[in-house]
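In the working numbering, the protein residues as written are 1113 to 1429. We treat Cβ as the ideally placed atom computed from N, Cα and C, and that holds for glycine.
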Ligand SMILES: [Zn+2]
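The following block contains the structure:
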């Protein structure tokens, strides 16, 4: 007789490389695996290491090294504290494996239970899939994503489900990460902050699901280019097309001079737009640019100083 195997997450990770719970990781990682930024911030309140540029939570459960390490930027942390109310809906297999009780005489009973169990699994899977699709639809709608991205997201979710990657995880978290991935694949990247704002889960959960899916589905997501963000950010800031092309020009020059190395693309885009807007007489405050891009004012300031100095741009405020 085959006892239904309880599939724990650990069992599926061949290398046993779980992406969190590794206390050392937070101290060894030097740049964001998502955007390449070296602007990593330790948040000991939450025991997280996160990217100051794109917001990815790079490591969790990091070790507190003492007060001198706590001198992180409080502004950046408080920004991240604004999380939506989580409505976590999880499927778990708790108790399923104990449903079947084997006894030498109770074969019929076993079969019935097995059938009930199967039906239960089918229903749960179906229900969770329907729920996931409605979540994808809701978020895609809020982000005004075109139909093809919605469809691609649904298909990617189905793929993850077929590979049993959803079990034991938050459906909302996986669905959000999938939207984030698909937007990138289709060349219309959204920032983590943007998807966080319309998701029902917090940044940490999205980051975790994102890292998990990339690894388990072996997805290759190329780093977003700063240029990819410019049109949408400019339109959200109500800037003219002139500013848009000037911002792209600044980014091109910065890339040629390798000023973008080790810098997150969103921060570069935000700073370039900030500079271009001033030069073009359509000044937007750092706060306004920050609100739209999700990049902190501190980061915008740093990038803007670097870019204007290194590119010899005279920005007169
Ligand atoms: Zn990053």
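No residue range can be given for residue 1407, since it is assigned to no alpha helix (DSSP H) and is classified by DSSP as neither H nor E.
Remark: C-beta atoms of residue 1412 and residue 1389 do not approach each other more closely than 7 angstroms. Of the candidates 1301, 1171, 1345, 1345 places its Cα closest to the Cα of residue 1359. Across the set 1269, 1265, 1273, the C-alpha of 1273 shows the shortest separation from the C-alpha of residue 1234.
Near ligand 1, residues with a Cβ at less than 6 angstroms from any of the ligand's heavy atoms are 1144, 1146, 1147, 1149, 1163, 1165, 1166, 1168, 1376; the list follows chain order.
Using a C-beta cut-off of 8 angstroms, the region 1305 to 1312 makes no contact with the region 1260 to 1278, since fewer than three inter-stretch Cβ pairs fall below that distance. The beta carbon of residue 1372 is closer than 6 angstroms to those of 1366, 1380 in its chain, skipping five residues each way along the sequence. Remark: C-beta atoms of residue 1427 and residue 1387 approach each other more closely than 7 angstroms.
The C-beta distance from residue 1166 to residue 1303 rounds to 7 angstroms, short enough to meet the 8 angstroms contact threshold.
Annotated three-state conformation of residue 1174 is coil, per DSSP.
Taken through DSSP and simplified to helix, strand or coil, residue 1270 comes out as helix.
The bridge partners DSSP lists for residue 1424 come to none. In the structure shown, the three-state DSSP call for residue 1163 is strand. Taking a cut-off of 8 angstroms on C-beta distances, the region 1286 to 1295 does not touch the region 1390 to 1402, as fewer than three cross pairs fall below it.
Under the DSSP assignment, residue 1155 falls in the beta strand (DSSP E) whose first and last residues are 1152 to 1155. Under the three-state reduction of DSSP output, residue 1347 falls in the helix class. Inclusion of residue 1324 and residue 1283 in the CB contact set at 7 angstroms is not warranted, their separation being larger than that value. A straight-line Cα-Cα distance of about 11 angstroms links residue 1418 and residue 1375. No Cβ-Cβ contact shorter than 7 angstroms links residue 1254 with residue 1285. Residue pairing by DSSP puts residue 1169 in a beta bridge opposite 1162.
Boundaries of the alpha helix (DSSP H) around residue 1285: 1283 to 1297. Taking a 10 Å sphere around the C-beta of residue 1356, we find 16 or more other C-beta atoms and assign the residue as buried. If the five residues before and after residue 1143 are omitted, its C-beta is found closer than 6 angstroms to the C-beta atoms of 1150, all from its own chain and listed in chain order. In terms of Cβ geometry, residue 1378 and residue 1407 form a close pair [threshold 7 angstroms].
Under the three-state reduction of DSSP, residue 1342 is assigned to helix.
With contacts defined by Cβ atoms closer than 7 angstroms, residue 1146 and residue 1168 form a contacting pair.
Residue 1140 is classed as exposed because its beta carbon has fewer than 16 other beta carbons within 10 Å across all chains shown.
With a threshold of 16 other beta carbon atoms within 10 Å, residue 1315 meets it and is buried.
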